[in-house]
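Novice:
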Amino acid sequence: YFRQLLNTESMSDEKILAGIDFENEASVAKASSELKKTVEILHHRDDFGRDILDETHKRLKGVEKFSVRSSCTAEDGADASFAGQFATFLSVEKKGLARSVAQCYASLYGLNVLKYCHEKSIPLSALKMNIIIQVMTEPDLSGILFTANPQGLLNESVIVVGEGVGENVVNDKVPSTSYYYNLTDQIYYYESQGGAPLLGVETVNELIKNANRLKPLLGEYLDIEFAIKNEKLFLLQARPITSLSDKNVLILDNSNIVESYPGVSLPLTDSFVCEAYYQVFRGLASRCLKNEKLLKGYDKDLRNMVGSANGRMYYKISNWYAVLNFLPLSKKIIPVWQDMMGVTNKEHKAYKKEISAFQNVRIYFNCIHEAFHVQRGMNKLNADFIEVKESFNAGYKPGLTNAELIALYNQTSTKVLNNWDITLLNDIYAFVFTGLLKNKFKKLKIENYESHTNEYITGVSNIESMKPIKALLALSALAVESGCLDDLKRLVTNEEALEYFNTTVSEFAEKATAYIEDYGDRLLEELKLESETFRTSPILLVNKILEYSDDYNRLKDIAISINASDEFAELNCECGFINKKLIDFYSKKAMLGISNREISRLNRSRVYGIVRKLFLAIGKNMHDAGQIEHEKDVFYLYTSEVFENNVSRDFKNTIAGRKRAYELYGKIPAYSRLEFSGEVFNKSHTAINSDKITTSEEDLSGIPCSNGIVEGEVLMIENPKGTVEAKDKILVTKMTDPGWVFLITLAKGIITEKGSLLSHTAIISRELNIPSIVGVKNISNILKTGDVVKMDGGTGKIEVVRKSDG
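Counting in the numbering used here, the sequence shown tops out at residue 805, every number present.
1. In the DSSP output, what is Pro703 paired with across the bridge?
2. Val709 and Thr784 look like a contact to me (Cβ under 8 Å); what is the Cβ gap, rounded to whole Å?
3. From Leu267 to Gly793, what distance separates their C-alpha atoms?
4. Please report the residue range of the beta strand (DSSP E) in which Thr55 lies.
5. Provide the residue span of the alpha helix (DSSP H) that contains Cys287, from first to last.
6. If we count the other Cβ atoms within 10 Å of its Cβ and call it buried at 16 or more, is Asp565 buried or exposed?
7. Are Asn645 and Ala402 closer than 8 Å when you measure CB to CB?
8. Our contact map puts Ser244 next to Asp269 with C-beta atoms below 8 Å; I'd like the distance itself, whole angstroms only.
9. My guess is that Glu39 and Ala101 are in contact by the Cβ rule of under 8 Å, so how many angstroms apart are they, rounded?
10. Alpha carbon to alpha carbon, what distance is there between Leu206 and Glu230?
11. Have a look at the DSSP bridge pairing and note the partners of Met128.
12. Relative to the C-alpha of Phe145, which residue among Lys172, Tyr108, Asn211 is closest?
13. Decide yes or no for the touch test of the stretch 273-281 against the stretch 666-685: beta carbon pairs closer than 8 Å, at least 3 of them.
14. Helix, strand or coil, according to DSSP, for Gly792 in the structure here?
15. Among the residues of its own chain, which have a CB less than 7 Å from the CB of Asn493, if the five just before and after it don't count?
16. Are the CB atoms of Ala97 and Gly48 nearer to each other than 8 Å?
17. Note down the Cα distance separating Ile716 from Lys733, rounded to an integer number of angstroms.
18. Can you check the stretch 98-161 for any alpha helix (DSSP H) of at least 4 residues that lies completely inside it and give the ranges in chain order?
19. Just to confirm, are Ser70 and Ile131 a CB contact at a threshold of 8 Å?
20. Excluding the five sequence neighbours on either side, which residues of its own chain have a C-beta within less than 7 Å of the C-beta of Ala125, listed in chain order?
21. Under DSSP, the alpha helix (DSSP H) around Thr638 begins and ends at which residues?
22. The alpha helix (DSSP H) that contains Asp623, what's its start and end?
23. Which residue or residues does DSSP assign as beta-bridge partners of Leu673?
24. If we ignore side chains and look at the alpha-carbon of each, how far apart do Ser860 and Tyr188 end up?
25. Less than 8 Å between the beta carbons of Ile240 and Tyr220, yes or no?
26. Taking the alpha carbon of Ala478 as the reference point, which residue from Glu291, Arg489, Phe507, Glu463 has its own alpha carbon closest?
27. Whole angstroms is fine: what's the gap from His117's alpha carbon to Trp319's?
28. Give the DSSP-derived three-state secondary structure of Asp565 in the structure shown.
29. Determine the closest residue to Leu152 out of Tyr179, Val160, Ile143, Leu472, with distance taken between C-alpha atoms.
30. Where are the beta strand (DSSP E) runs, 3 residues long or more, that stay fully inside the stretch 152-221, in chain order?
31. May I ask you to report which of helix, strand or coil DSSP gives Val62?
32. Just to confirm the assignment, what range does the alpha helix (DSSP H) spanning Lys231 have?
33. From the DSSP secondary-structure annotation, give me the bridge partner or partners of Asp329.
34. For Met452, I'd like the list of residues in its chain whose CB is within less than 8 Å of its CB, leaving aside the five on either flank, ordered along the chain.
35. Less than 6 Å between C-beta atoms, sequence neighbours within five positions excluded: which residues of the same chain meet that for Asn595?
36. Who are Ala226's beta bridge partners in DSSP?
If you want it as structure tokens, here you go:
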């Protein structure tokens, strides 16, 4: 329609475009001005204005105010976004409709649009401008819902809401509240700026429900504008999030691992566990593949069997499937493994590396050979652990230097991990035979076959894991019978408890000391190195004994019950001789595997006890050297930092920052599953559910909007006009608008004082893959041109590397 009118005015846009010298800014600006002016003049034509009013009256009868929105066909594409470049007008009255429509179309010829088309080699004729006239709602609240977190978290929707029209929210003119909704667990948390509105649970759920209705129509990853008036929800516009991809999704799943590492795990545990899993799984792969070249091909998967996000441990489940797939009968084994591990989402890619038929046969034979020797290997592992423990006790003594402690750690680690991968084969052994037993009961149509399976293998499974509790009950009874309770009640500190056990001559003190030696590492969260155990905090043992001894009669009843002989379940159905023999065979094999699993798990807690003891000794040395504030601050360091053994390095500021970060992580819900479109990133907020996170002036951080870590020189910008030296600089400013797009293109990164996940800075930087952080309080007064900073667009953290004055 517009092109026809332009031609009648003898004003062909192609003719004007052909005459532009794109190397000359003035030439582009002149062409843009001519084209826009011609279009805007058209609204004075009687036929044009009449057509607009007639159609509007016919379709939107009785409406007094309108929104006029541009919708270009080339917008929001995978290769070109045109973010923020086309016009939209709100609260337009009838008399202004024709002009607003013309101005919408004229934005097609904006200076930045022309330059963008030239850079992307997009002919202007390929751009079709649709203009949408809608009823204007004067909303109470407005916002945007991302069906996936634009940072790259695919199963998390983000809702940002503020008062008034959406333009106020996007331009940061009003305070906003951001909701982060995990689609797998259907739970959320929010971060609210001062004075921002809050949504009720019903409204949040209604938004998510409507977003899910749009996905089959418009795509999985959408950016949806909405408004709320008198508690009624209006969906205004939806567009694809073009910066996200689901081609190589990295899935984190906490099935099973959450039992070992509940809640938040500190950096030392995180890094130690990642390395331990790598070494153990590499041993398993080596055992089964027996081919160094093939093994090298799996190295990346093996290094990423586990990981953490927001301080919580997860299985990187995709890599587990990659490793399990080289096992014989993997299609049969994987469902059994999923069942035993409690993996609820069982979808996975049939991922397998290219392996020759000959090598496949070799792997099958290797695995079958190892399967026949699993229990022999487990017996050897359990026997070898005694030697490991004796070797450590002989090598460890107070006063060792960090170099000596690290050497002892490496020596012990090598001995422990030398054969520990056999436990994985034993787990599969136990899983498979338990699965076969359960499947057999299911085929025999036994009622409650799952619980029947559990009962049938009871009698062996709990022997080893029950030893610590049985011994503790006996120790508590002895405390009552020997009259030690009054002495124990007077103990308050670890030092007092330790002195009492070491200096008191009594059967109780002797057995308490022996208990700590045998079972002092078995406690809740025992695999988190930062956890206190009976060994590190003997006062915990005193308190537990006092708790058990409070009711002596109940204590005796529990002891009798727990020490009662295990009774094996009897098969209560009619079945043939072969089925009975199979059930007997499966159950014995399952119980053998489970029994050995329990032994190795108790020994594993003792291994972690050894590691904990070593790191606490290292922490004491670091504290004495002035590197850390407290001995236990060593748990906020990664193993690589501890093993540096650089006595001149001061970790106090690093640890202070991590303590604030982990305070935040503790407030984020423990999601069962996280699906990343790229690298894993941790959250960064200043408040969660309106609960402020402690910060300091040294803790420069904001809202992470576009991932990437860069270091560079700061360019402070108050007014973007005339700024030309932006290349390879980190731009710092109070706020931006769509006109910044070409300035940002040249930059290494951008930091703003205002902004949200929806601001132009965020949108444009994500499209350009340039790291960005917004909402950094007072940053324009803290930094100045010439300062050198390091910024992490994935966490929102900013580090001042060097001030311009030196």
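From the three backbone atoms N, C-alpha and C, an ideal C-beta is built for every residue, glycine too. Just so you know, these numbers come straight off a predicted model, no measurement behind them.
Specialist: In this structure, then:
1. As a first step, residue 703 is located in the sequence shown; it is residue number 704 there, counting from the start. The partner list for Pro703 (beta bridge, DSSP) reads Ile772.
2. Position 710 of the sequence shown, counting from 1, holds the residue named residue 709. Position 785 of the sequence shown, counting from 1, holds the residue named residue 784. Val709 to Thr784, Cβ: 17 Å. No contact.
3. Numbered from 1 along the sequence shown, position 268 holds the residue referred to as residue 267. Numbered from 1 along the sequence shown, position 794 holds the residue referred to as residue 793. Approximately 21 Å between the Cα atoms of the pair.
4. Within the sequence shown, residue 55 is the residue found at index 56, counting from 1. Per DSSP, Thr55 belongs to no beta strand (DSSP E); it is in the alpha helix (DSSP H), 45-58.
5. Walking along the sequence shown from the start, residue 287 turns up at place 288. Start and end: 266-288.
6. On the sequence shown, position 566 is the one that residue 565 refers to. Annotation note: pLDDT 49 at Asp565 (below 50); position unreliable, coordinate value reported separately. With a 10 Å radius around the Cβ and a threshold of 16 neighbouring Cβ atoms, Asp565 comes out exposed.
7. Translated into positions along the sequence shown, residue 645 becomes position 646. Translated into positions along the sequence shown, residue 402 becomes position 403. No. Outside cutoff.
8. For the purposes of this step, residue 244 is taken as residue 245 along the sequence shown, with counting starting at 1. For the purposes of this step, residue 269 is taken as residue 270 along the sequence shown, with counting starting at 1. With 8 Å as the limit, Ser244 and Asp269 do not qualify as a contact, their Cβ atoms being about 27 Å apart.
9. Position 40 of the sequence shown holds residue 39. Position 102 of the sequence shown holds residue 101. Rounded, the Cβ-Cβ distance is 5 Å, consistent with contact.
10. Taking the sequence shown and counting its residues from 1, the one referred to as residue 230 is at position 231. Taking the sequence shown and counting its residues from 1, the one referred to as residue 206 is at position 207. Their Cα atoms are separated by approximately 12 Å.
11. Here residue 128 is taken as the residue at index 129 of the sequence shown, counted from 1. Beta-bridge partners of Met128 (DSSP): Cys71.
12. Taking the sequence shown and counting its residues from 1, the one referred to as residue 145 is at position 146. Looking at the Cα atoms, Asn211 is the closest of the given residues.
13. Contact between the stretch 273-281 and the stretch 666-685 is absent, because fewer than three Cβ pairs lie under 8 Å.
14. Here the question's residue 792 lines up with position 793 in the sequence shown. Coil, per DSSP.
15. Within the sequence shown, residue 493 is the residue found at index 494, counting from 1. Excluding residues within five positions, the ones whose Cβ falls inside 7 Å are Ser536, Pro537, Ile538.
16. Mapped onto the sequence shown, residue 97 falls at position 98. Mapped onto the sequence shown, residue 48 falls at position 49. Their beta carbons are under 8 Å apart, which means Ala97 touches Gly48 by this criterion.
17. Locating residue 716 in the sequence shown gives position 717, where the first residue counts as 1. Locating residue 733 in the sequence shown gives position 734, where the first residue counts as 1. Distance between the alpha carbons of Ile716 and Lys733 is about 8 Å.
18. 110-119
19. Within the sequence shown, the letter at position 71 stands for residue 70. Within the sequence shown, the letter at position 132 stands for residue 131. In contact: Ser70 and Ile131 (Cβ atoms closer than 8 Å).
20. Walking along the sequence shown from the start, residue 125 turns up at place 126. Around Ala125: Ala73.
21. Working through the sequence shown from its first residue, we reach residue 638 at position 639. DSSP places Thr638 in the uninterrupted alpha helix (DSSP H) bounded by 638-643.
22. Looking up residue 623 in the sequence shown gives position 624. 576-623 is the extent of the alpha helix (DSSP H) around Asp623.
23. Here the question's residue 673 lines up with position 674 in the sequence shown. The partner list for Leu673 (beta bridge, DSSP) reads Leu251.
24. Nothing about residue 860 can be read from this structure; the chain reaches only from 0 to 805.
25. Residue 240 sits at position 241 when you count from the first residue of the sequence shown. Residue 220 sits at position 221 when you count from the first residue of the sequence shown. For Ile240 and Tyr220, yes; Cβs fall inside 8 Å.
26. On the sequence shown, residue 478 is found 479 positions in, with the first residue counted as 1. The shortest C-alpha separation from Ala478 is found at Phe507.
27. Here residue 117 refers to the residue found at position 118 when the sequence shown is read from its first residue. Here residue 319 refers to the residue found at position 320 when the sequence shown is read from its first residue. Each residue's Cα considered, the two are about 47 Å apart.
28. Counting from 1 along the sequence shown, the entry for residue 565 is found at position 566. Bear in mind that the predicted position of Asp565 carries a pLDDT of just 49, short of 50, making it too unreliable to give a figure here.
29. Residue numbering aside, residue 152 sits at position 153 when the sequence shown is read from its first letter. The option with the nearest alpha carbon to Leu152 is Tyr179.
30. 155-162, 175-181, 186-191
31. The residue given as residue 62 occupies position 63 in the sequence shown. Here Val62 sits in coil by DSSP.
32. Counting from 1 along the sequence shown, the entry for residue 231 is found at position 232. That residue, Lys231, is in no alpha helix (DSSP H); its beta strand (DSSP E) goes 231-239.
33. Here the question's residue 329 lines up with position 330 in the sequence shown. In the sequence on display, residue 329 carries Ser and not Asp. Ser329 is not bridged to any residue.
34. Along the sequence shown, read from residue 1 onward, the residue named residue 452 stands at position 453. Checking the sequence shown, residue 452 turns out to be Thr, not Met. Hits under 8 Å: Thr433, Leu436, Lys437, Phe440.
35. Here residue 595 refers to the residue found at position 596 of the sequence shown. Hits under 6 Å: Met377, Asn425.
36. Counting from one through the sequence shown, the residue named residue 226 turns up at place 227. BP columns for Ala226 point to Ser141, Phe233.
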